[in-house]
Each structure stands twice: as structure tokens, then as C-alpha cells.
Amino acid sequence: MTPAASNPAVDEAPKPKKFVIICYSGELEKTWATMILASTAGAMEMETTVFVTFWGLQTFVKDRKRITGENWMQKMMSFMQRPGASHRKLSKMNFMGMGPWMMFKLAKKYNVSKPKELLEMAKEMGVHFVPCQMTMDMFGIKPDDLIEGMGEPIGAATALQLMTEADASLFI
Amino acid sequence: MTPAASNPAVDEAPKPKKFVIICYSGELEKTWATMILASTAGAMEMETTVFVTFWGLQTFVKDRKRITGENWMQKMMSFMQRPGASHRKLSKMNFMGMGPWMMFKLAKKYNVSKPKELLEMAKEMGVHFVPCQMTMDMFGIKPDDLIEGMGEPIGAATALQLMTEADASLFI
Amino acid sequence: MTPAASNPAVDEAPKPKKFVIICYSGELEKTWATMILASTAGAMEMETTVFVTFWGLQTFVKDRKRITGENWMQKMMSFMQRPGASHRKLSKMNFMGMGPWMMFKLAKKYNVSKPKELLEMAKEMGVHFVPCQMTMDMFGIKPDDLIEGMGEPIGAATALQLMTEADASLFI
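Residue numbers (my numbering), protein chains in the order written: chain A, 936 to 1107; chain B, 936 to 1107; chain C, 936 to 1107.
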């Protein structure tokens, strides 16, 4: 028996930090903030979970989907807010799409990746993107409507569990 | 002397998790998010405090109150934003009340409780709803304007104390 | 050798709490909430850092600057949203400046300091205001455009480090 055996901590790697984002908003700027933080946390090897709920879920619908939902109310709501990570709008100064265009132009100039690219990066870094079951039900969004690589839907209780065990959690 | 006496932790129940929400927004969707999280945290027996501040306080004014405040500015502000948990508006797609109506319709279909019902549930689960003293002063809201069962008003210092002692806190 | 020497904790002051705000929004009310929390946390001797990013950075541009940025897109964006802590607008009920005027009037009546005064107070209390490097790049904001006393710009990784080490962090 070695001393290490009696003190298992000696051999272990330091416990990774845990970081949780409640991704609530579907606006371009907030989506961007979420993706920058999530991909950076992933790159820092934090255990990162993004719980995607309410308008946030629009961002994770496949870009090519034009309308989601089963009944007319759900269809109308998805139609009013074109889903997909590439179709987010600014919360202000949208100018019929002019605002986002300028933002993307500036981002490119300064080597800042678009939300969609950051999302792919974050997934590769092992960030968990997990949809909210209740939001899927209310908006009639099916697992097949969502981008590849998302986790199984969870509820508020599981999200709270994750948050209270995390080193930091943000509502964005 | 028993072994338990020398190690009091043995007899104790696990310490409950603490969860804090800064309820800042008065929008329907964010109110909903707050109420879902608060009632779920209450049901999970977390020590849950909702600090209600700025526009959030509008949600906790009694539904039947049409106007609050003492001077014309306070009255005008309350008039512009009808107070009460049942009168919250969507941040977008409000369509003169059509948006919330659709949301409530969908919620009912999928067995999601309205914010007002979740608020009652949360109170029964022991969630503490605490108004911000400064917001009450600035908007001229009296204790009697607020729904039953709220705690005594507190200030930013007490809210910060609660947050830094909590396992998770969110600004919604 | 005293017992204290073998147990250094005995002589130490209690470790100060750490508090982090991600100041993302440039709206008057949220700026106010940020400044109230930051100055209070500073007064409570918490180690307080405000990471200023996206629209939040507009608040920290000198009041007298009318336009910032190098190219026309950056200039246009700054022009649309007049920068400076004294020029924040309400997220709703702005009424061409009438809403903020009423808010300031009410604040004065009830001895609530304006955001700009709270910002000065917070700086004196030792609160660290740190700009986001990426936001400065994208909006073409130079260190000289910003108010005195801000820290060196940092990136998302450093912000994440601060958050996961803090006792509480909020995204406002």
C-alpha cells in the first residue's frame, strides 16, 4: 500500500470547473455572447452546459427550416421569428437586416467568428447544448427540427441541479 | 459522550441548496421563466429567494390595481404598464394581446401553468418573494399595493449578501 | 514558534467575497441596476469586477464623445446610440427622453443617485471596471474614448476565470 492509495486525491487531475448558461434569448447579440462564452469555456476545458429555453431554442432550429410547429399558433410564431442560428436579429438597430450585416462585416474584419461558427466550435470542444422539454412542447418543436448533436431534452429541475453544482451560471 | 456529539454532522440532514433570482424584468416570458424556476426550486426544497426589483415589481402588484403611485409621474408610469401578474406583455410579438393569448392557449394545451398559478405554487413551496425598497420608493408602491405573502422590503446590500451565500443566482 | 505560526489562518482577516457583473446592456435601467449593485458591493468590501461588453461599453465612453469608431459602420453605430453614462435610454417608455427625465426626477426626490454618480462612487470604492477587448475592436473604440480609471481590456477567457472564482456573478 502506497501513501497515494490512502489519499486518492494525490493522483487525480484537478477537478474541472463547471459552467452553465441558461440560453433564453434569441437575439443576435445575446446569441453571440452565449456562443463566445460557451466556446471559450469549452476551450478552457470547463464542463460546460448550455440549457436552451424559450426564444433561445429558435437559434438551434436547423437553418433551412422555415416553419416549425404542429398547429397554426405554433406555425405562426415560428414564421414571425425566422428560426436558425444564421437568422438571428439584433435587439435594436436591426434596420431590416442592415444592422446584422454591418455587425457581421465588422466581425469578419476583426476576426470574430459568427455565432454559427462558434456554435460548431463549442460542440467540438465538448460543450453540451441541451433543449428545454417544456419549450419544445409549447412551440411544437420536434427533435428532428433541431441541429445535430444536441443532448436529450431536460426540464427545469435538472437545469437547477446543474446550476447549483456549477462554479458559475448565467441567464442570457 | 456519544460519537455523534463529537461529530455533529452525522445527525444532521444535508444542508439545503440556496437559490436566488433577481427578478428585474416585467415581461411575460421572463416572468414565466422566473416562476418556473422559483416553483421548481421550491419543490426541490431549495432555500429560494426572489428579489423583486425595477419592472419586476409590476408583476407583484395586485391584479385589480389599475394605477399605483402618489404623484403624477408615478401614476403615469404605472398606467403605461398595467401592473399585475395577469397583465404581463410579451417582449415582442405582443400584437395587442394576441401573442400572450396564443402563449396561454399553448401553455394550457401542454399543461404548463400560467405565471400567476406558478407564483401561488411557489409561495406554498416556501419561496421567499422580497421587494426592493428603492423600487417601492421610486415608483411610489405601497406594501398594500402588493400581493399577499411577500417579505419585508430589502435593499441591494441584503440582496448581495444572499447572492454571495447562494449556490446559484440569476439576473432575469 | 507560536501556535498561530503553524496555523496561518488564525491571524488572517476573513477572505473578502468576490462578485462579478457582466455588464452587457446599455439601457438606462440595466445600467442603473449594475451601478447600484457594483457600488454597494464595493462599499461592502467585496472584490468586485464589472466586465463591460457589447452595448454595455457605450456607457463607459466619455459623455462628451459624440461619435466613436474608425470606419463608417462603426461611426454610424455609435451615432445611432449616443454613448456616455449620461445618455442612456430606457428600454421602453422612452418617450423621446421624457421617460428618463421622469426617472431622474423621481430618483432625486427619493435620494437615489444617478448611474453616473454611482459609477464614480463605485470607482472610489475600488470596483474594477474592465472593458472587453473584442467589443473595443468591433466597435472601433479606443482606450482614449473611455472614461478614466478603467482597467486594461480583457477577453472572454479571463472573464470566465473571474466568474468561476467568484461567489456570485450576474449577466445584466
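Don't be surprised by glycine CBs; every beta carbon is placed ideally from N, CA and C.
The beta-bridge partner set that DSSP reports for residue 982(A) consists of 953(A). In the three-state scheme derived from DSSP, where H, G and I count as helix and E and B as strand, residue 1104(A) is classed as strand.
One thing to note: residue 1068(A) has its Cβ within 7 Å of the Cβ of residue 1090(A).
With at least 16 other beta carbons inside 10 angstroms of its own, residue 1073(B) counts as buried. Annotation: residue 1005(A) to residue 1075(A) spans about 6 Å, alpha carbon to alpha carbon. According to the DSSP assignment, residue 1064(B) belongs to the beta strand (DSSP E) that extends over 1063-1066. With respect to residue 1057(A), residue 960(A) sits apart: the two C-beta atoms are not nearer than 7 Å. Close to residue 986(C), with beta-carbon spacing below 7 Å, lies no residue of chain B; the smallest spacing is near 14 Å.
Proximity of chain A to residue 1064(B) at the Cβ level (cut-off 7 Å) is not reached, the minimal Cβ distance being about 17 Å. Put simply, the backbone Cα of residue 969(C) is about 12 Å away from that of residue 1052(C). Here residue 1081(B) carries a strand assignment [DSSP, helix/strand/coil]. The region 1012-1024 of chain B makes no contact with the region 1089-1107 of chain B; the number of CB pairs closer than 8 Å stays below 3. Taking a Cβ-Cβ threshold of 7 Å, the residues of chain B close to residue 1045(C) are 1072, 1073, in chain order.
For a Cβ distance threshold of 8 Å, nothing in chain A lies close to residue 993(C): the least Cβ distance comes to about 11 Å. Per the coordinates, the alpha-carbon of residue 964(C) lies some 44 Å from the alpha-carbon of residue 948(A).
By the Cβ test, the region 978-988 of chain C is not in contact with the region 1033-1047 of chain C, since fewer than three Cβ pairs between them sit closer than 8 Å. The beta carbons of residue 1054(A) and residue 1020(A) sit closer together than 7 Å. For residue 1021(C), no alpha helix (DSSP H) encloses it, and the DSSP letter there is neither H nor E.
A distance below 7 Å separates the beta carbons of residue 1107(A) and residue 1106(C). Comparing alpha-carbon positions, the option among 980(C), 1037(C), 992(C) lying closest to residue 1077(C) turns out to be 992(C).
Going by beta carbons, residue 989(A) and residue 1070(A) fall inside the 7 Å limit. Under the Cβ criterion of 7 Å, residue 1091(B) is counted among the residues facing chain C. In its chain, beyond the 5 residues on either side, 954 have a beta carbon closer than 6 Å to the beta carbon of residue 1103(C). Around the CB of residue 1101(B), 16 or more other CB atoms lie within 10 Å, so the residue is classed as buried.
Per DSSP, reduced to three states, the secondary structure at residue 971(B) is helical.
At least 7 Å separates the CB of residue 981(A) from every CB of chain B. Between the C-alpha atoms of residue 997(A) and residue 1010(B) there is a straight-line separation of about 46 Å. The beta-carbon of residue 1097(C) is placed no less than 7 Å from the nearest beta-carbon of chain A.
Between the alpha carbons of residue 1002(C) and residue 1086(C) lies a gap of roughly 22 Å. Proximity of residue 1104(C) to chain A, defined by a Cβ-Cβ separation below 7 Å, is satisfied. Residue 989(A) belongs to the set of residues whose beta carbon lies under 7 Å from a beta carbon in chain B.
Between residue 1008(B) and chain C, the shortest Cβ-Cβ separation is below 7 Å. Neighbours of residue 1101(A) in chain B, taken as residues at a C-beta separation under 9 Å, are given in chain order as 1102, 1103. Distance from residue 966(A) to residue 1050(A) at the Cβ level is roughly 5 Å; contact confirmed, criterion being Cβ atoms closer than 8 Å. Against chain A, the beta carbon of residue 957(C) has neighbours under 9 Å at 968, 972, 1105, 1107, listed in chain order.
1007(A) is the residue among 1066(A), 1007(A), 979(A), 978(A) whose C-alpha sits nearest the C-alpha of residue 1040(B).
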